[in-house]
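Trainee:
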Amino acid sequence: MSNDGAIGRLVEREREDDSPRGVWRFFVFSLIGIFMFFIPISIGGKETIPLDHLVGWITGLLGPSVKYLILGVILAGTIYPFASGRWKESRLKTLFAFLNVLGLAAGAALVFNVGPAWLFDPDMGPFLFNKLVIPVGLIVPIGAVFLALLVGYGLMEFVGVLVQPVMRPVWRTPGRSAIDAVASFVGSYSLGLLITDRMYQAGRYTGREAAIIATGFSTVSVTFMVIVAKTLDIMHLWLPYFFLSFGVTFLVTAIAVRIPPLSRIPDEYFHLSTPQPEAKVTSRRFATAWKEAMGMLGNAPKLGANIRENFKDGLLMAMAILPSILSVGLIGLVLARFTPVFDWLGYLFLPITWALGLPDPLLAAKASSVGIAEMFLPATIVAGHESDALRLVIAVVCVSAIIFFSALVPCILATRIPIKVWHLLVIWAQRVALTLLITTPIAYLMVGR
3 MSNDGAIGRL
13 VEREREDDSP
23 RGVWRFFVFS
33 LIGIFMFFIP
43 ISIGGKETIP
53 LDHLVGWITG
63 LLGPSVKYLI
73 LGVILAGTIY
83 PFASGRWKES
93 RLKTLFAFLN
103 VLGLAAGAAL
113 VFNVGPAWLF
123 DPDMGPFLFN
133 KLVIPVGLIV
143 PIGAVFLALL
153 VGYGLMEFVG
163 VLVQPVMRPV
173 WRTPGRSAID
183 AVASFVGSYS
193 LGLLITDRMY
203 QAGRYTGREA
213 AIIATGFSTV
223 SVTFMVIVAK
233 TLDIMHLWLP
243 YFFLSFGVTF
253 LVTAIAVRIP
263 PLSRIPDEYF
273 HLSTPQPEAK
283 VTSRRFATAW
293 KEAMGMLGNA
303 PKLGANIREN
313 FKDGLLMAMA
323 ILPSILSVGL
333 IGLVLARFTP
343 VFDWLGYLFL
353 PITWALGLPD
363 PLLAAKASSV
373 GIAEMFLPAT
383 IVAGHESDAL
393 RLVIAVVCVS
403 AIIFFSALVP
413 CILATRIPIK
423 VWHLLVIWAQ
433 RVALTLLITT
443 PIAYLMVGR
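If you read the sequence shown in my numbering, its first letter stands for residue 3, the second for the next number, and so on.
Structural data, given as structure tokens:
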């Protein structure tokens, strides 16, 4: 009996000793992750999250060589599907593998300054390469390093249990998906998607949950919203615009999850994962949140291994995304510039813009439709229009529509999330229509017609 008691006391003492040694990782690593992703700070007159400052500093440090580094990533991303055999897995992957070749050609032309004159128009090739490809190419692998701290040591489980009563009934996603939503709004949709894909492959989201998060929460960042507001001359409405965009985006998502195609995506876990569903909590929520966090912490890998794994994932994702951004994005911009495709597509929304009484309903419909190519294009279509209401509505559409082919669609298709291109097109049309219907009456109340 005495030996049993001594052994019991020894085990208990070891547990007590283990807890403090491990718990500091939850606080320190999570706080570093929160700081890098969620706390805007001002440096050199620019206010943004520390991760964005870090990427800007690294970009400046690399100087002109950054474009060659990014072209190297594009080259690796173009070769990888053929070298790994992934290009043969489906017709869609075959198509994107060859589109990557087009992206590599466009990237090489832009870096070495050869090619047709239209490619070098400021809002064509240089816009794609300098404003999208270079920032995304750096922020995804660098952000992945800090992502290891944010999602690997219990924070998502802790927050997930606390907000579960809101996330599950409203958006039909686990509480832990709240981190994805915030990461997109204050950071980057590419980081949000990196989180989502990692969680799906780890068995912590189902396919339907991952698809909802990718198409409903992976919106543009606050910094992009500032650019839209300045372009449309509504900075005097900045706070109302920000909260209106935030509210409409998530209200539209709450509706979209209840209708096809999102509602019919299989609610199944990734086939190579061990399912880790979020347990439903009905009592002692804080205590349960802490217990879940400590359970994750206990199984967390060492910091070095975790960072290496996340950086590798981020680099592979950047390799998959960058050639597609150049190829698909360039095709979208060419169609918008040189063809009437988006004029025709605008007729899809004309009945809505006309019925809502928006000024210049055909212009409003075209602006709403052109966002499928690039999220910033709607703002350029109505910039300078005399109607505050029209400019405010289109500013919200830029944010709430979420899906666009110049970057987000290639990002989603580079993941394992089980969502098809036709799903994305239908969800985009649903989101634009719902955004117009919800936002327009509110805009009238705020600024008149």
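For each residue, glycine too, the CB sits at the ideal point set by N, CA and C.
This one's a predicted model, so the numbers in the text were calculated from it and none came from an experiment.
Please specify which runs of the beta strand (DSSP E), each continuous and at least 3 residues long, are wholly inside the stretch 111–159, giving them in chain order.
Mentor: Qualifying beta strand (DSSP E) stretches: none in this window.
Trainee: Near F160, which residues of its chain fall below 6 Å by C-beta distance, leaving aside the five closest residues on each side in sequence?
Mentor: These residues qualify, in order along the chain: A291, A295.
Trainee: Do three or more CB pairs link the stretch 211–226 to the stretch 175–186 at distances below 8 Å?
Mentor: With a cut-off of 8 Å, the stretch 175–186 and the stretch 211–226 count as touching, because enough Cβ pairs lie within range.
Trainee: Closer than 7 Å by C-beta to T251: which residues in its own chain qualify, once you throw out the five before and the five after it? Chain order, please.
Mentor: Cβ within range, chain order: T221, V401, S402.
Trainee: Which residues bound the beta strand (DSSP E) around L50?
Mentor: Here residue 50 turns out to be Thr, not Leu, going by the sequence shown. Counting along the chain, the beta strand (DSSP E) containing T50 begins and ends at 48–50.
Trainee: Return helix, strand or coil for Y271, following the three-state DSSP convention.
Mentor: The answer is strand: DSSP assigns Y271 an E or B state.
Trainee: Does S220 come out as helix, strand or coil in the three-state DSSP assignment?
Mentor: Coil at S220, not helix or strand.
Trainee: Would you identify the three-state DSSP class for I43, choosing helix, strand or coil?
Mentor: Strand.
Trainee: For V68, I'd like the list of residues in its chain whose CB is within less than 7 Å of its CB, leaving aside the five on either flank, ordered along the chain.
Mentor: Excluding positions up to five away in sequence, the list reads T61, I136.
Trainee: What did DSSP end up calling T382 once you bin it into helix, strand or coil?
Mentor: In this structure, T382 counts as helix in the three-state DSSP scheme.
Trainee: Evaluate the contact criterion for the stretch 326–340 versus the stretch 407–416: three or more CB pairs, one atom per stretch, below 8 Å.
Mentor: Verdict: yes, contact present.
Trainee: Do you know offhand how far L394's Cα is from P262's?
Mentor: Taking the straight line from one Cα to the other gives about 29 Å.
Trainee: Between which two residues does the alpha helix (DSSP H) harbouring Y446 extend?
Mentor: It spans 423–449 - the alpha helix (DSSP H) in which Y446 sits, taken as one unbroken run.
Trainee: According to DSSP, is P208 part of a helix, a strand, or is it coil?
Mentor: For clarity, residue 208 is Thr in the given sequence; the question names Pro instead. Strand.
Trainee: Starting from the Cα of I257, find the closest Cα among S192, V172, V330, E280 and give me that residue.
Mentor: Out of S192, V172, V330, E280, V172 has the C-alpha closest to the C-alpha of I257.
Trainee: Measure the CB-CB distance between G139 and I197 and report whether it falls below 7 Å.
Mentor: Not a contact, by the Cβ cut-off of 7 Å.
Trainee: Around the Cβ of V163, are there at least 16 other Cβ atoms within 10 angstroms (buried) or fewer (exposed)?
Mentor: Per the 10 Å Cβ criterion, buried.
Trainee: How is the alpha helix (DSSP H) around G248 delimited, first residue to last?
Mentor: It is worth fixing the name first, because residue 248 is Phe in this sequence and not Gly. Element bounds for F248: 240–258.
Trainee: Look at the alpha carbon of E376 and the alpha carbon of W26, and state the distance between them as a whole number of angstroms.
Mentor: Going from the Cα of E376 to the Cα of W26 covers about 43 Å.
Trainee: What residues in its chain sit with their C-beta under 7 Å from that of A381, if we drop five residues either side in the sequence?
Mentor: Counting only Cβ-Cβ distances below 7 Å, and skipping sequence neighbours, we find V230, T233, L234, I396, A397, C400.
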